[in-house]
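Those protein sequence lines, which keep their order, are chains G and F. Residue numbering for the first sequence follows the working numbering, starting at 1 and increasing by one per position. Residue numbering for the second sequence follows the working numbering, starting at 1001 and increasing by one per position. All C-beta atoms, glycine included, are put in the ideal place defined by N, C-alpha and C. Bear in mind that the values here come from a model prediction, so they are computed numbers and not experimental data.
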Amino acid sequence: MFEINNLNVYYGVIHALRDVSLKINQGEIVTLIGSNGAGKTTTLRAISGITPSKSGEIKFMDENIEKAKTMQIVKSGISQVPEGRRIFPDMSVLENLQMGAYLRKDKEEIRQDLEQVYLRFPRLKDRRTQLAGTLSGGEQQMLAMGRALMAKPKLLLLDEPSMGLSPVLVQEIFQIIKDINKTGTTILLVEQNAHMALSIANRAYILETGEITMSGDASELAQSDAVRKAYLGG
Amino acid sequence: MEQFLQQMINGISIGSIYALVALGYTMVYGIIKLINFAHGDVMMIGAYVGYACVALFNIPFIPSMLIAMVVCSILGVIIERVAYKPLRNAQRITVLITAIGVSFLLEYVMMYFVGATSKTYPQGALGAGKLSLGALSINVEQVYVITTTIIMMIVLQYIIKRTKLGKAMRAVSSDQDAAQLMGISVDRTISFTFILGSSLAAVAGVMLGAMYTISPLMGVQPGLKAFVAAVFGGIGSIPGAMLGGILLGLIETLVSAYLSSSYKDAVAFAILIIVLIVRPAGILGKNVREKV
């Protein structure tokens, strides 16, 4: 349903992504693993149309979207939970969720999806009138995910959802990611926490200094020596 | 006591004008981090449009004000599209200098067309006479100014808090990339901000023009004062701009009344300096450290 072919992104003279190609099938969880500065966030920003690409193509549901505006990309069904959550701190939890549904018109459907998000994240319901900036890190991550789900995405991009969270919360968030996937949303998960990411993903790509160096089944990669050494602590 | 109350009313009415203009400064700053120095001149254009409607075409006052709002909104959007948008990724100082350039452009193009001499709205355009409240006598003009400002602020609060575009505006102000990821068009939201700010400036211009006189340079002084008010209240904060405007109007009026009117500008700018030293974020501003 989604593929990237030979994508190149530059920041000024810095060649941030070199001929990156990857493919995601309907219903999969695919993870993109790499260390700091490998280009994971750049890949997601390029997919969402925030960082322009120099060459290559991005195809979603058989349409080329590499030149499309972010608004059109969101409308076509790709939502992103950005790195560091990036919730709107001065807006209430409810308002944050409403912003997620910004491009949708059907009020009744939006209301139902809001109920769904509240069911998935009961803590958000309790805190719906609270300013988002007052939430804890884990709650902010849930809010950021709930906000992205409010757009009813076909493909959900998650950028480092485990960042800054306690191991217990990381478990909880990854369980939720699995649940979201089970309800039919395809997921591209970017992570530094390779262990967790490989444990829930179907397939994985490894990104090193802007290049895909390895790819394959998540369970196979988790066994490979190179991956174990570099990302799983031996 | 009566004199004091009287002065308070004078202060609130001039403060209302500052507040209306300050709102434009603060909203534009909130969204594109630019001190739009041309904003006072947009107010001046509003005053002239209102004058043309009232004095030349005999249109009643309120419709004239609405026309001025529409014209200034369009002008504000054009200024943003032509002068500021191409500089979206430029250094801030570049955009600031451009804003000053736009300010001069508006002032002197206007002077070329209407001349440098000042004009006055027809007598009693904004209502004439006085209302007596016990020993107090309030100019009808002032009642209109204060009421109009209150209405404008309620409408503005409603737009910002409750409407989709208003929420989009807050989202873009707080995090442009995240707002884009929601599918919000940043360009459209910025245009909308200029529409709101410029139409408030038009209201201020028409009322100021009707109370005093109009000239192509009439926007300079109130524009600077409104800027002081916005910084005073906390630049980027909407309640801050309202409060800052009213307080500045009050302080100025009380200084003129009890000290000397020649000190009022000195006091206004002294306040700016003190605020910048003591509380750089302003009264209601948040102390946000600049992201590097």
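Indicate the three-state DSSP secondary structure (helix, strand or coil) for residue i in the structure shown.
i, result
"F:Phe1269", "helix"
"F:Lys1225", "helix"
"G:Val20", "strand"
"G:Thr41", "helix"
"F:Lys1291", "In this prediction, F:Lys1291 has a pLDDT of 44, which is less than 50 and means its spatial position is unreliable; what the coordinates show is noted afterwards. If DSSP states are grouped into helix, strand and coil, F:Lys1291 belongs with coil."
"F:Phe1004", "helix"
"G:Thr51", "coil"
"G:Asp159", "strand"
"G:Leu103", "coil"
"F:Ser1237", "coil"
"F:Tyr1121", "coil"
"F:Gly1282", "coil"
"G:Val13", "coil"
"F:Leu1034", "coil"
"G:Lys69", "coil"
"G:Glu63", "strand"
"G:Glu83", "coil"
"G:Thr186", "strand"
"F:Gly1183", "coil"
With a threshold of 8 angstroms between beta carbons, is residue i in contact with chain G?
i, result
"F:Arg1092", "no"
"F:Lys1119", "no"
"F:Lys1291", "Only weak support is given to the placement of F:Lys1291: the predicted model assigns it a pLDDT of 44, under 50, and the question is left unresolved by the model."
"F:Ser1174", "yes"
"F:Ile1032", "no"
"F:Ser1185", "yes"
"F:Lys1264", "no"
"F:Gln1180", "yes"
For residue i, collect the residues of the same chain with a Cβ closer than 7 angstroms to its Cβ; drop the 5 residues on either side in sequence, then sort them by chain order.
i, result
"F:Met1152", "Leu1020, Leu1200 and Val1203"
"G:Asn202", "Glu28, Ile29, Val30 and Ala218"
"F:Ala1270", "none"
Within the same chain, show all residues whose beta-carbon is closer than 6 angstroms to that of residue i, passing over the 5 residues directly before and after it, in chain order.
i, result
"F:Ser1173", "Gly1030 and Ile1031"
"F:Lys1291", "At F:Lys1291 the pLDDT is 44, less than 50, meaning the model places this residue with poor confidence and gives no usable figure here."
"F:Ala1068", "Gly1046, Val1049, Gly1050, Ala1202 and Val1206"
"F:Gly1245", "Gly1015, Tyr1018, Ala1019, Ala1022 and Ala1229"
"F:Ser1297", "A question about residue 1297 of chain F goes unanswered here, because the residues of chain F that appear run from 1001 up to 1292."
"F:Gly1249", "Gly1011, Ile1014, Gly1015 and Tyr1018"
"F:Ser1256", "Lys1264"
"G:Ala226", "none"
"G:Ala222", "Leu198"
"F:Met1043", "Val1021, Ala1201, Ala1204, Gly1205 and Gly1219"
"F:Ile1159", "Gly1166"
Checking contacts by CB at 8 angstroms: is residue i closer than that to chain F?
i, result
"G:Lys152", "no"
"G:Gly77", "no"
"G:Gly12", "no"
"G:Phe89", "Reading off the sequence, residue 89 of chain G comes out as Pro, not Phe. G:Pro89 counts as touching chain F."
"G:Glu95", "yes"
"G:Gly138", "no"
"G:Pro82", "yes"
"G:Ser48", "yes"
"G:Gly100", "yes"
"G:Thr183", "no"
"G:Gln103", "Reading off the sequence shown, one finds Leu at residue 103 of chain G, where the question assumed Gln. Yes - at least one Cβ of chain F is within 8 angstroms of the one on G:Leu103."
Tell me which residue opens and which closes the alpha helix (DSSP H) that residue i is part of.
i, result
"F:Gly1209", "Val1186 to Met1211"
"F:Tyr1084", "Element bounds for F:Tyr1084: n/a, residue is neither H nor E."
"G:Gln112", "Lys107 to Arg120"
"G:Lys229", "Asp225 to Tyr231"
"F:Ser1173", "Lys1164 to Ser1174"
"F:Phe1104", "Arg1092 to Val1114"
"G:Phe174", "Pro167 to Lys182"
"G:Leu131", "No alpha helix (DSSP H) holds G:Leu131; DSSP gives it neither H nor E."
Which residue comes first and which comes last in the beta strand (DSSP E) that contains residue i?
i, result
"G:Met214", "Glu211 to Asp217"
"F:Leu1128", "Residue identity differs from the one stated: residue 1128 of chain F is Ala in this sequence, not Leu. Run containing F:Ala1128: none; DSSP gives neither H nor E here."
"G:Val30", "Ile29 to Ile33"
"G:Arg203", "Arg203 to Glu208"
Nearest to residue i by CA position, among the options, is which residue?
i, options, result
"F:Met1065", "F:Ile1079, F:Val1095, F:Glu1107 and F:Ala1125", "F:Ala1125"
"G:Leu131", "G:Met1, G:Ile176, G:Ile87 and G:Ile177", "G:Ile87"
"F:Ile1195", "F:Gly1015, F:Ile1017, F:Ile1078 and F:Pro1063", "F:Ile1078"
"G:Ala204", "G:Leu17, G:Leu22 and G:Met1", "G:Leu22"
"F:Lys1085", "F:Gly1127, F:Val1028, F:Val1155 and F:Cys1072", "F:Val1028"
"G:Val81", "G:Ala230, G:Lys152, G:Ile24 and G:Glu108", "G:Lys152"
"F:Leu1133", "F:Leu1284, F:Ser1260 and F:Ile1009", "F:Ile1009"
"G:Gly12", "G:Val117, G:Tyr102, G:Ser76 and G:Ser53", "G:Ser53"
Within its chain, find whatever has a CB closer than 8 angstroms to the CB of residue i; leave out the 5 residues flanking it on each side and keep chain order.
i, result
"G:Asn64", "Glu57 and Ile58"
"F:Val1114", "Tyr1048 and Pro1216"
"F:Gln1091", "none"
"F:Met1242", "Ala1019, Ala1022, Leu1023, Met1153 and Gly1233"
"F:Lys1130", "Ser1137, Ile1138, Asn1139 and Val1140"
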